[in-house]
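S.K.:
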Amino acid sequence: MNTNKNTDNQEVLSVKNLSCIPISSGVKVVDDVSFSIKKGESVGLLGESGVGKTTLFRSILQLLPKNEWATRGDIAIDGIPILGLSPKELEQVRGRKVRTIFQEPGQSLNPSLKIDYQLIEAVKTINPELKEEEIWTSVVDSLANAGLPDPTLVQGRYPGELSGGQRQRVGIAMSLCRQCSILLADEPSNSLDSVTVTELIDTLKRLRNSGFLGSIFCVTHDLSVLNALETERVLFMHAGKLYEAGSIKEVFKNPCHDKLEELVRLSDIVDRHGGSNIESETRASQNTLVSFEGVDFGFQRKSFLNRKQTLVLREINFDVKEGEFVALVGSSGSGKSTIGGVLSRLFSDFSGNIDFDGLTIDKLKNRKDKIRFHRSLQVVFQDPADTFDPSLTMRQNLEECFSGMGMNPDEIDQALESMLDLLLLNERTLDEFPTNLSGGQKQRYALLRAFGSRPSMIVADEPFTHLDLIAQNRMIEYLKERKYDQDNPMSCILISHEIGIVSKLCDRIIVIDNGRVVENDTVYNILNHAKHKATNRLIDAANKLGTLEDLGTQPG
695 MNTNKNTDNQ EVLSVKNLSC IPISSGVKVV DDVSFSIKKG ESVGLLGESG
745 VGKTTLFRSI LQLLPKNEWA TRGDIAIDGI PILGLSPKEL EQVRGRKVRT
795 IFQEPGQSLN PSLKIDYQLI EAVKTINPEL KEEEIWTSVV DSLANAGLPD
845 PTLVQGRYPG ELSGGQRQRV GIAMSLCRQC SILLADEPSN SLDSVTVTEL
895 IDTLKRLRNS GFLGSIFCVT HDLSVLNALE TERVLFMHAG KLYEAGSIKE
945 VFKNPCHDKL EELVRLSDIV DRHGGSNIES ETRASQNTLV SFEGVDFGFQ
995 RKSFLNRKQT LVLREINFDV KEGEFVALVG SSGSGKSTIG GVLSRLFSDF
1045 SGNIDFDGLT IDKLKNRKDK IRFHRSLQVV FQDPADTFDP SLTMRQNLEE
1095 CFSGMGMNPD EIDQALESML DLLLLNERTL DEFPTNLSGG QKQRYALLRA
1145 FGSRPSMIVA DEPFTHLDLI AQNRMIEYLK ERKYDQDNPM SCILISHEIG
1195 IVSKLCDRII VIDNGRVVEN DTVYNILNHA KHKATNRLID AANKLGTLED
1245 LGTQPG
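So this is what it looks like as structure tokens:
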């Protein structure tokens, strides 16, 4: 029972007539928004990518650069008006009254400092009264609440040595190390597998019920997260305007806006965890495009006295045919992204053999073979913000990448023209810098960069996590179109925890656990006859989210 709910009508967050306008364009990104959250409430903010959700979120925390943004209106946290506060006065609000889970936690971690040091410093800063032994206890408790019960998984490691899901959980741990009046969470389930999502939601509900978290404001495009979080109210945002959508049940029964109705409809079409009705129709050729044979890989840790290797991949064996879509699934930190990194030559010094389209990837010597490899195999990385130069506009980023693959100016213009509309991107955003775009917009530009050269294979690492259901549906249709293109069929290694999308796109599922391949079978057999406990954990967690309704029937 939530002992903190409906105790009084005290407003922990009040926003009145808020507008946020970038000085460069003068276009209102947040347009005259008003709402409030009372003590003990759990409120969700739903909307498509790029409608202003993250801008609203950042404005509440006064994180929009004042030389780039004009902000009008009133914001109060626990009755304290925060517009116009000095940095020192804001420190008394941020971290103490408000805790925050950011959309891209990797951006808030220092890549040159070890994770345990950063966690200790975070706890010290906001809990200066704690003794040394109490600080580490607080760190361990926070990690456990964030889904990392074993602190040795991150202890002594740098952010770059963690998976995207592990970095996300470290960011969440930093947010849960102190009691607060309200938790602001921007896409908290991004990069997390379904097991970790359900554990995180259970933790947030438990902490709110105990009063550790006074209220929760969750920004997301994922209806299943709001449903599992049992939010009392849902706000819907479109084109900078805010609409009161009612309870989560009312959202499904009587959507308050046409776009919200479309999102609800697509939540049935693009079921994130729902199974395929029939076994996937495989049209792949018998020609092998990619093969892994006995691949091991580990990260080297060097010190003055010794050199230690942490093995991440062990005896990886699988292949992918031309025109075949294969999914790599597994819990966060299992080694999925590392496989993609090794294949794309991001990581070297592996043992074993990897071939791609007749090329042995660790023996690419001449420039011609390297250009052919990188134009034929494109990668969509898990954290799109890390893959764009922040000092260049999106157009400059893309032109630099395409020209490096040997594309001429006409080919680049054609790629941009054909992909912008497909990916629901406004042409004016080409001249924006990456920091001015939402996570979903950066994700779509990462997809544009990958598809623009029309590669024969895509390695896509969690490509749907930042996309709303409308953009997800558009991408699924395009991927199917490329998969069945008779002239130039595309293969794909889809690294994902989105079991529903996997079932609708892929021919096979490969389950990775603790750096090993533990299952490799058709989608139907994996979803209906899972053999390994790691696979069953993912399916059970999807069931718990309430979105795995049909695992399919045996084809006739």
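Residue numbers (my numbering): 695 to 1250.
From the three backbone atoms N, C-alpha and C, an ideal C-beta is built for every residue, glycine too.
Does the segment 916-934 come into contact with the segment 802-819, if we say contact requires no fewer than three beta-carbon pairs (one atom in each stretch) closer than 8 Å?
M.R.: Flag = no, the segment 916-934 and the segment 802-819 do not touch.
S.K.: For N1047, collect the residues of the same chain with a Cβ closer than 6 Å to its Cβ; drop the 5 residues on either side in sequence, then sort them by chain order.
M.R.: Correct list, in chain order: E987.
S.K.: DSSP on T701, reduced to helix/strand/coil?
M.R.: Its pLDDT being 46, under 50, T701 is placed unreliably in this model, and the value from its coordinates should be taken loosely. Note: T701 maps to coil in three-state DSSP.
S.K.: Measuring CA to CA, which of F1050, A1079, L954 and S1085 is closest to H1254?
M.R.: Summary: the structure shown does not reach residue 1254, with the chain confined to residues 695 through 1250, and so no result is reported for it.
S.K.: Is V1217 near I1206, with beta carbons less than 7 Å apart?
M.R.: No, the Cβ-Cβ distance between V1217 and I1206 is not below 7 Å.
S.K.: Taking the beta strand (DSSP E) that H932 belongs to, which residues open and close that run?
M.R.: First-last of the beta strand (DSSP E) with H932: R927 to H932.
S.K.: Measure how close the beta-carbons of C950 and A933 come, nearest whole angstrom, since I'm counting them as under 8 Å.
M.R.: Not confirmed; about 14 Å, so no contact.
S.K.: With a 10 Å radius around its C-beta and 16 neighbouring C-beta atoms as the bar for buried, classify T794 as buried or exposed.
M.R.: Buried is the call here.
S.K.: Would you mind working out which of K1174, N1060, V928 and P1103 sits nearest V1196, comparing C-alpha positions?
M.R.: Of the candidates K1174, N1060, V928 and P1103, the one whose C-alpha sits nearest the C-alpha of V1196 is K1174.
S.K.: In terms of alpha-carbon separation, which member of C1200, V723 and L1086 lies closest to W763?
M.R.: Here the closest residue by C-alpha is V723.
S.K.: Does the segment 1009-1020 touch the segment 1118-1130, meaning 3 or more C-beta pairs lie closer than 8 Å?
M.R.: Too few Cβ pairs lie closer than 8 Å, so no.
S.K.: Can you tell me where the beta strand (DSSP E) with S1185 in it begins and where it stops?
M.R.: S1185 -> beta strand (DSSP E) spans S1185 to I1189.
S.K.: DSSP three-state label for S904, please.
M.R.: Correct three-state label for S904: helix.
S.K.: Does the segment 872-891 come into contact with the segment 782-798, if we say contact requires no fewer than three beta-carbon pairs (one atom in each stretch) closer than 8 Å?
M.R.: Segments in contact, yes.
S.K.: Enumerated in chain order, which unbroken segments of the alpha helix (DSSP H) with a length of 4 residues or greater are wholly contained in the segment 776-802?
M.R.: Those alpha helix (DSSP H) runs which fall completely within the segment 776-802 and span 4+ residues are 781-785.
S.K.: Excluding five sequence neighbours on each side, which residues of the same chain lie with their C-beta closer than 6 Å to the C-beta of V964?
M.R.: With a pLDDT of only 43 at V964, under 50, the local geometry of the prediction cannot be trusted, and no value is derived from it.
S.K.: Does the beta-carbon of P775 have 16 or more other beta-carbons within 10 angstroms, so that it is buried, or is it exposed?
M.R.: Burial call: exposed.
S.K.: At what residue ranges does the segment 725-769 contain a whole run of the alpha helix (DSSP H), taking only runs of 4 or more?
M.R.: Listed in chain order, they are 747-754.
S.K.: Assuming E1156 contacts I1189 under a Cβ cut-off of 8 Å, what Cβ separation, rounded to an integer in Å, is found between them?
M.R.: 6 Å between Cβ atoms; contact.
S.K.: Would the segment 1072-1087 count as touching the segment 1107-1117 if we require 3 or more Cβ pairs under 8 Å?
M.R.: The segment 1072-1087, when compared against the segment 1107-1117, does not touch it at the 8 Å Cβ threshold.
S.K.: If we cut at 7 Å on Cβ distances, does I731 have a partner in chain C?
M.R.: The chain labelled as chain C is not found in the depicted structure, where only one protein chain is given.
S.K.: On the three-state DSSP scale, how would you describe S974?
M.R.: With a pLDDT of only 42 at S974, under the threshold of 50, the placement of this residue in the model should not be trusted, and no figure is reported.
S.K.: Taking Cβ to Cβ, would you say L929 is nearer than 7 Å to F751?
M.R.: Result no, Cβ atoms of L929 and F751 do not sit closer than 7 Å.
S.K.: Determine the extent of the alpha helix (DSSP H) in which K943 is found, giving its start and end residues.
M.R.: It spans I942 to K947 - the alpha helix (DSSP H) in which K943 sits, taken as one unbroken run.
S.K.: Give the C-beta separation of T1032 and F991 to the nearest angstrom, bearing in mind that I take them to be a contact with Cβ-Cβ under 8 Å.
M.R.: Indeed, because the Cβ distance is near 6 Å, the residues count as touching under 8 Å.
S.K.: What residues in its chain sit with their C-beta under 6 Å from that of I820, if we drop five residues either side in the sequence?
M.R.: So the list reads G789 and R872, once near-sequence residues are dropped.
S.K.: Give me the Cα-Cα distance between A1144 and D725, rounded to the nearest whole angstrom.
M.R.: A1144 and D725: Cα-Cα distance of roughly 34 Å.
S.K.: If we ignore side chains and look at the alpha-carbon of each, how far apart do S918 and P1149 end up?
M.R.: The alpha-carbon atoms of S918 and P1149 are separated by roughly 34 Å.
S.K.: Would you mind sorting E1213 into buried or exposed? The rule is 16 or more other CB atoms within 10 Å of its CB.
M.R.: Looking at its Cβ environment, which holds 16 or more other Cβ atoms inside 10 Å, E1213 is buried.
S.K.: Can you check which of these residues, K818, I1106, E893 and K1015, is closest to R1231 by C-alpha distance?
M.R.: Among K818, I1106, E893 and K1015, the Cα nearest to that of R1231 is on E893.
S.K.: For Q1076, does the three-state DSSP call read helix, strand or coil?
M.R.: Q1076: coil per DSSP, three-state reduction.
S.K.: Taking DSSP as the reference, what is the three-state secondary structure of T1159?
M.R.: Correct three-state label for T1159: coil.
S.K.: Between which two residues does the beta strand (DSSP E) carrying D1215 extend?
M.R.: Unbroken beta strand (DSSP E) run through D1215: R1210 to T1216.
S.K.: Can you tell me whether G969 is buried or exposed? The criterion is at least 16 other CB atoms within 10 Å of its CB, across all chains shown.
M.R.: Below a pLDDT of 50, predicted positions are generally treated as unreliable, and G969, at 40, falls in that range; no measurement from the model is reported.
S.K.: Please go through the segment 1065-1132 and give each complete alpha helix (DSSP H) segment of 4 or more residues, from N-terminal end onward.
M.R.: Runs of the alpha helix (DSSP H) inside the segment 1065-1132: 1088-1098 and 1103-1114.
S.K.: Between which two residues does the beta strand (DSSP E) carrying N1182 extend?
M.R.: From DSSP, N1182 is part of no beta strand (DSSP E); its letter is neither H nor E.
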